[in-house]
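Here is the structure we will look at.
In this note's numbering, the protein residues as written are 17 to 466.
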């Protein structure tokens, strides 16, 4: 690693060299790489403000185009995790009342996360929801997301008086940031108690909005009938409040997908120093990431709902049988678990290029609402052997479909890249047998013969 975005290397590098755990050659290499980049950027060529992009000011950064991009990014990143009985979108009724409760409801800084520049205009969820419903009542419930003390009685009273309730909870930079890890996966402090009390008192099932970067174990909310809908927004930026309100009231159809697995609280029992990816059933080690983790999940990687219904169908696959022996003389390795494979490096670039094939997936929008829909293509082995991934993402594309429309998406696959896996020695290999292309609940077999 050449650079650390904290103070760790600054504090400990000298001691590491003195203990012969790090050499000065490593330091020189890092400095060479870092300063080479700075020189290429022209940072030593006089006043940085005189560089081609040195005088960009608020008028350019805060242009309508850029603010529109910020809003679009927030819209596309929000994930609908639950929508029981189609609670969302809410009706736009002038006479209805809304309660907005939670420490993140009116916290502009939380929306920004970290690593941000000065925002042009920050709109909080509370401010955005007030633009839709005039009769909007607010109570933070907790003074901070740490939620060490909670005003349950006051929040419950606000909830009781409203037609609908939106809870805006989660984390912020006091709970997760650079060089500051969480010790558990549950919501901090008394947030869960606040959510349960408010949802139980509300007239209708509530909407739970989560602002957080990492996953949280909200199994209690997932299965609670008093919590009708759950939205995860990450740290959506300056336009996050507007995007959330648009989704809650149906001016935008959510299409985001989770970029990580949401693990249960029990996952914290796995030592963070054990960085093995592959699971080990004999010892009870569950593995890490969607590719290898075989334990219980709160929500899986790539999960996300919509206000409409989509279906998939593989309409064509140009090759579904791959005979590798026709490309070159290959050394076939036979494992003790009866699996057989060949090394990708033996195939050569030319053979790998000739083996490429394409598949076309048809996507239909069966609902009454248009939406932008990400199509995720996975590959899985028919039979898992030691060290094999459960599945792996090999491609994704987004398509915008009007209500009742359909579209076809083409994926070009390279077996050497997309149908291979790393063996115990870290070498990429292609395994004999059936590999399934997977989109949603649809699967298509592609068989490798050795």
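All residues carry an ideal CB built from backbone N, CA and C; glycine is no exception.
Asked	Found
Where residue 84 falls: helix, strand or coil (DSSP)	helix
Own chain, CB closer than 8 Å to residue 422, minus 5 neighbours either side, in chain order	378, 379, 380 and 381
Inter-residue spacing [alpha-carbon to alpha-carbon] between residue 311 and residue 271	26 Å
Cα-Cα separation between residue 32 and residue 252, rounded to whole angstroms	39 Å
Element boundaries [beta strand (DSSP E), containing residue 169]	Unbroken run through residue 169 is the alpha helix (DSSP H), 168 to 176; no beta strand (DSSP E).
Buried or exposed by the 16-neighbour rule on C-beta atoms within 10 Å, applied to residue 339	exposed
Residue 253 (DSSP reduced to helix, strand or coil)	coil
6 Å CB neighbourhood of residue 230 in its chain, flanking five on each side removed	192
Contacts around residue 459, its chain only, beta-carbon distance under 6 Å, and the 5 residues preceding and following it disregarded	452
Assigned secondary structure, residue 447 (DSSP; H/G/I helix, E/B strand, else coil)	strand
Three-state secondary structure assigned by DSSP to residue 381	strand
Residue 60 (DSSP reduced to helix, strand or coil)	coil
The stretch 117 to 135 touching the stretch 176 to 186, judged by at least three CB pairs closer than 8 Å	yes
Host alpha helix (DSSP H) of residue 292 (start-end)	Premise fails: residue 292 is in no alpha helix (DSSP H) and is neither H nor E.
Cβ-based burial, residue 65 [other Cβ within 10 Å; buried from 16]	exposed
CB of residue 95 within 7 Å of CB of residue 278, strictly	no
Cut-off 8 Å between Cβ atoms - residues of its own chain near residue 190, not counting five sequence neighbours on either side	160, 161 and 162
When 239, 388, 194 and 196 are compared against residue 212, the one with the closest alpha-carbon	239
Length at least 3, wholly inside the stretch 360 to 432: the beta strand (DSSP E) runs in chain order	373 to 381, 387 to 397, 408 to 417 and 422 to 429
Residues bridged to residue 461 (per DSSP)	452
Option in 286, 315, 254 and 17 with minimal Cα separation from residue 301	286
Residue 203 versus 404, 164, 313 and 220, residue with shortest Cα-Cα distance	164
Span of the beta strand (DSSP E) around residue 227	222 to 227
Check whether residue 92 and residue 321 have beta carbons under 7 Å apart	no
Enclosing alpha helix (DSSP H) for residue 94 [first to last residue]	Unbroken run through residue 94: none, as it is neither H nor E.
Segment contact, 8 Å Cβ cut-off, at least three pairs: the stretch 143 to 160 with the stretch 258 to 275	yes
Contact set for residue 461: own chain, Cβ-Cβ below 7 Å, skip 5 residues either direction	336, 450 and 452
Within 7 Å, strictly: CB atoms of residue 343 and residue 367	yes
Environment of residue 158 [buried if 16+ CB atoms lie within 10 Å]	buried
CB contact flag (residue 407, residue 396, <7 Å)	yes
Continuous alpha helix (DSSP H) stretch holding residue 152: start and end	Segment 152 to 155 is the beta strand (DSSP E) holding residue 152; no alpha helix (DSSP H) there.
Closest by C-alpha distance to residue 427, when choosing among 78, 410, 385 and 420	410
Proximity below 7 Å, CB of residue 443 to CB of residue 359	yes
Close Cβ partners of residue 390 (< 7 Å) along its chain, the five nearest in sequence each way excluded	271, 273, 412 and 414
Helix, strand or coil at residue 185 according to DSSP, with G and I counted as helix	strand
Local conformation of residue 29 per DSSP, three classes	helix
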